[in-house]
Amino acid sequence: MTTAIAPTAHHVAIIGGGPAGLMAAEVLAQGGVRVELFDAMPSVGRKFLLAGVGGMNITHSEPRDAFIGRYGERQAEVATLLADFDADTLREWIHGLGIDTFVGTSGRVFPSDMKAAPLLRAWLRRLRELGVSIHTRSRWLGWNDDGSLRIAGADGERALAAAACLLALGGGSWARLGSDGAWTRLLQARGIEVAALKPSNCGFEVAAWSEHLRTRFAGAPLKNVALGLTGEDARIGEFVLTAGGIEGSLVYAFSAAIRRAIETDGQAVVHLDLLPQMPLARLQQALGKPRGKHSMAKHLHRQAGLDGVKAALLRELAPAAAFAEPAALAPWIKALPITLLRTRPLDEAISSAGGVPFEALDAGLMLKALPGVFCAGEMLDWEAPTGGYLLTACFASGRVAAHGLLNWLKP
């Protein structure tokens, strides 16, 4: 059964209830239009809530130029999105919801209670007060021949005729939370070119770990290490050894560069410094000391504090000949090569690259080929590492698209 909803001059539909869609709803409602928001899941903000498990990293406090640089190849476009709503403005907006924030030791910004749920509750309360209508379990299926939106809900499908619509459908990771990438086919069917969705902030696989490493150390964290890649500055942090490769925050910081190297060369070689605080010369001197009757494992532990998963990974990847002379191990400890062959599946990734290219959009994020259709959030073709950068750009893009829509309605 299909029922029609009559359009009004200021009736707008938003598809997607993540940060970008909710932010757009707030701006549009404040702009005096009637807003209906549709989300396929039983509740809105599900990925936002899951991202907050263990600590809601909302944005980052680093200087603006460094912050913008985190968006890589799309930093110019994202800088435009952040022009009126950057990390500082986002914090002020959160404070306006009655939620305090603080800056952690790493420069990351968190709500005072470290949780996403109170922030989302306060935000939804504001949206209700603004008159925003939120419809859950309502999946967008594209357009009817007359241009109305096809919305499938518990009572069947209905045709929604609105003055404009704003799409904020997320990327292609974490399908169970709603970001399933199904929208790509719907846009392509309307002649919109969409860059293929690819894993970002994801794990990577090696050819194979040994049985010993896989069974003894899968899931073990490597802390206080440095990772480097040709053409990229090395960074200190931590990551996790998995049964088939590596993942974690330090790996995510390089995920775009690693993925591009794999696409170009069939593999990517990252270099791991197991002891970044110890210079090579001092490490060679320490390991060059006589080890007497001590085993090599004991010698590495006594002289360099190297043991556990770090020592196991060194044994896995350094040539056996290097272990014959302890000092010869020092260069391997400082630059242990790990060859990565492929990304983990898209649905496991924290976020995705690809999507609607900025070239297909005008300055207000409206699709040039589909007047009245605006896009925001992770469905745009940009990517960023974890650390609050993803959320900040999603919030900002929702605002830009909403203001673009309001300007489009004015005539």
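At position 138 of the sequence shown the residue is numbered 138 (the UniProt record's numbering), and the sequence of numbers has no breaks.
By construction, the Cβ of each residue, glycine as well, lies at the ideal position given by its N, Cα and C atoms.
T105 to V240 span [Cα, whole Å]: Walking along the sequence shown from the start, residue 105 turns up at place 105. Walking along the sequence shown from the start, residue 240 turns up at place 240. When rounded, the distance between both Cα atoms is 21 Å.
G248: which of L272, L222, G21, E232 sits nearest, CA to CA? Walking along the sequence shown from the start, residue 248 turns up at place 248. It is L222.
On a Cα-Cα basis, can you pick out the residue from E92, E36, R344 that is closest to C165? Position 165 of the sequence shown holds residue 165. Of the candidates E92, E36, R344, the one whose C-alpha sits nearest the C-alpha of C165 is E36.
Determine whether the beta carbon atoms of M379 and G171 lie at a separation below 9 Å. For the purposes of this step, residue 379 is identified with residue 379 of the sequence shown, where counting begins at 1. For the purposes of this step, residue 171 is identified with residue 171 of the sequence shown, where counting begins at 1. Yes, Cβ-Cβ distance for M379 and G171 is below 9 Å.
Once DSSP output is grouped into helix, strand and coil, what is the label at N407? By one-based count along the sequence shown, residue 407 stands at place 407. It is helical.
Contact check, G266 vs V206, beta carbons under 9 Å: Locating residue 266 in the sequence shown gives position 266, where the first residue counts as 1. Locating residue 206 in the sequence shown gives position 206, where the first residue counts as 1. Result no, Cβ atoms of G266 and V206 do not sit closer than 9 Å.
For K223, three-class secondary structure by DSSP: Taking the sequence shown and counting its residues from 1, one reaches residue 223 at position 223. In the structure shown, K223 sits in a strand (DSSP, three-state: E or B).
With a threshold of 6 Å on Cβ separation, who are the neighbours of A234 within its own chain once the five nearest residues in sequence on each side are excluded? The residue given as residue 234 occupies position 234 in the sequence shown. Answer for A234: A226, G228, listed in chain order.
Please state the DSSP three-state secondary structure of P337. What you label residue 337 is simply residue 337 of the sequence shown in a count that begins at 1. P337 sits in a strand when the DSSP states are folded into three classes.
Strand pairing of H11, partner residues [DSSP]: Your numbering for residue 11 matches position 11 in the sequence shown. In the DSSP output, where bridge partners are listed per residue, H11 has R34.
Stretch-stretch touch, CB-based, cutoff 8 Å, three pairs: the stretch 380–400 with the stretch 67–82: yes
Assign I58 to one of three DSSP states: helix, strand, or coil. Taking the first residue of the sequence shown as position 1, residue 58 is located at position 58. Three-state DSSP puts I58 in coil, outside helix and strand.
Local Cβ density within 10 Å of L149, reported as buried at 16 or more and exposed below that: In the sequence shown, residue 149 corresponds to position 149, counting from 1. Around the beta-carbon of L149, 16 or more other beta-carbon atoms lie within 10 Å, marking it buried.
Y389 to W93, Cα distance in whole Å? Within the sequence shown, residue 389 is the residue found at index 389, counting from 1. Within the sequence shown, residue 93 is the residue found at index 93, counting from 1. Cα to Cα, the separation comes out at about 16 Å.
Sequence-distant residues of its chain with Cβ nearer than 8 Å to G364 (five each side left out): Taking the first residue of the sequence shown as 1, we reach residue 364 at position 364. Correct list, in chain order: F374, V400, A401, H403, G404, L405, N407, W408.
Mind checking who G16 pairs with in its DSSP beta bridge? Working through the sequence shown from its first residue, we reach residue 16 at position 16. None; G16 has no bridge partner.
Using beta-carbon positions only, say whether A126 and L97 come within less than 9 Å of one another. Here residue 126 refers to the residue found at position 126 when the sequence shown is read from its first residue. Here residue 97 refers to the residue found at position 97 when the sequence shown is read from its first residue. Sequence inspection shows Arg at residue 126; the Ala mentioned does not correspond to that position. Cβ distance < 9 Å, so R126 and L97 count as in contact.
Would you please state the rounded distance, in angstroms, between the beta carbons of I134 and G17? I believe it to be under 8 Å. In the sequence shown, residue 134 corresponds to position 134, counting from 1. In the sequence shown, residue 17 corresponds to position 17, counting from 1. Yes, I134 and G17 are in contact; Cβ-Cβ is about 7 Å, under 8 Å.
Going by the DSSP bridge assignment, what does F204 pair with across the sheet? Taking the first residue of the sequence shown as position 1, residue 204 is located at position 204. Note: F204 is bridge-paired with I246, T343 in the DSSP secondary-structure output.
Using beta-carbon positions only, say whether L272 and L336 come within less than 9 Å of one another. Here residue 272 is taken as the residue at index 272 of the sequence shown, counted from 1. Here residue 336 is taken as the residue at index 336 of the sequence shown, counted from 1. For L272 and L336, yes; Cβs fall inside 9 Å.
Touching by the beta-carbon criterion (3+ pairs, under 8 Å), the stretch 72–92 and the stretch 53–61: yes
Reduced DSSP category for K368 - H, G, I as helix; E, B as strand; rest coil: Your numbering for residue 368 matches position 368 in the sequence shown. Looking at K368 - three-state DSSP - the assignment turns out to be coil, as it is neither helix nor strand.
Compare the beta carbon distance of D11 and G32 with 9 Å and say whether it is the shorter of the two. Taking the sequence shown and counting its residues from 1, the one referred to as residue 11 is at position 11. Taking the sequence shown and counting its residues from 1, the one referred to as residue 32 is at position 32. Here residue 11 turns out to be His, not Asp, going by the sequence shown. Contact flag unset, no.
Measure the Cβ-Cβ separation of G45 and L120 and say whether it is below 9 Å. Stepping through the sequence shown from its first residue, residue 45 is reached at position 45. Stepping through the sequence shown from its first residue, residue 120 is reached at position 120. In contact: G45 and L120 (Cβ atoms closer than 9 Å).
Looking only at its own chain, which residues have a Cβ that is under 8 Å from the Cβ of P199, when we skip the five neighbours before and after it? Residue mapping note: residue 199 aligns to position 199 of the sequence shown, counting from 1. Cβ within range, chain order: S173, S255, R259, T343, R344, P345, L346, E348, A349, S352, A353.
Beta strand (DSSP E) segment containing G156, residue limits: Counting from 1 along the sequence shown, the entry for residue 156 is found at position 156. Its beta strand (DSSP E) spans residues 156–160.
Along the chain, where does the beta strand (DSSP E) that runs through H135 open and close? Looking up residue 135 in the sequence shown gives position 135. Counting along the chain, the beta strand (DSSP E) containing H135 begins and ends at 133–135.
Using only the alpha-carbon positions, how far apart do L329 and S179 sit? For this step, residue 329 is matched to residue 329 along the sequence shown. For this step, residue 179 is matched to residue 179 along the sequence shown. Cα to Cα, the separation comes out at about 46 Å.
Determine the contact status of Q391 and F48, defining contact as a CB-CB distance below 9 Å. In the sequence shown, residue 391 corresponds to position 391, counting from 1. In the sequence shown, residue 48 corresponds to position 48, counting from 1. Note that residue 391 is Leu in the sequence shown here, rather than Gln. Cβ atoms of L391 and F48: closer than 9 Å.
Report yes if the CB atom of F323 is closer than 9 Å to the CB atom of M23, and no otherwise. Counting from 1 along the sequence shown, the entry for residue 323 is found at position 323. Counting from 1 along the sequence shown, the entry for residue 23 is found at position 23. Against a cut-off of 9 Å, the Cβ pair of M23 and F323 comes out as no contact.
Hey, would you say A318 sits closer than 9 Å to A297, going by beta carbons? Numbered from its first residue, the sequence shown carries residue 318 at position 318. Numbered from its first residue, the sequence shown carries residue 297 at position 297. No. Outside cutoff.
Under the three-state DSSP convention, the category residue 455 falls into: The shown model of the chain, from 1 to 411, leaves out residue 455, and the question about it has no answer.
Along the chain, where does the beta strand (DSSP E) that runs through L167 open and close? The count along the sequence shown starts at 1 and reaches residue 167 at position 167. Taken as a continuous stretch (DSSP letters only), the beta strand (DSSP E) holding L167 covers 164–167.
Are L197 and G355 touching if we call contact CB-CB under 9 Å? The residue given as residue 197 occupies position 197 in the sequence shown. The residue given as residue 355 occupies position 355 in the sequence shown. Yes. Within cutoff.
Start-to-end residues for the alpha helix (DSSP H) that takes in H301: Residue 301 sits at position 301 when you count from the first residue of the sequence shown. Counting along the chain, the alpha helix (DSSP H) containing H301 begins and ends at 296–304.
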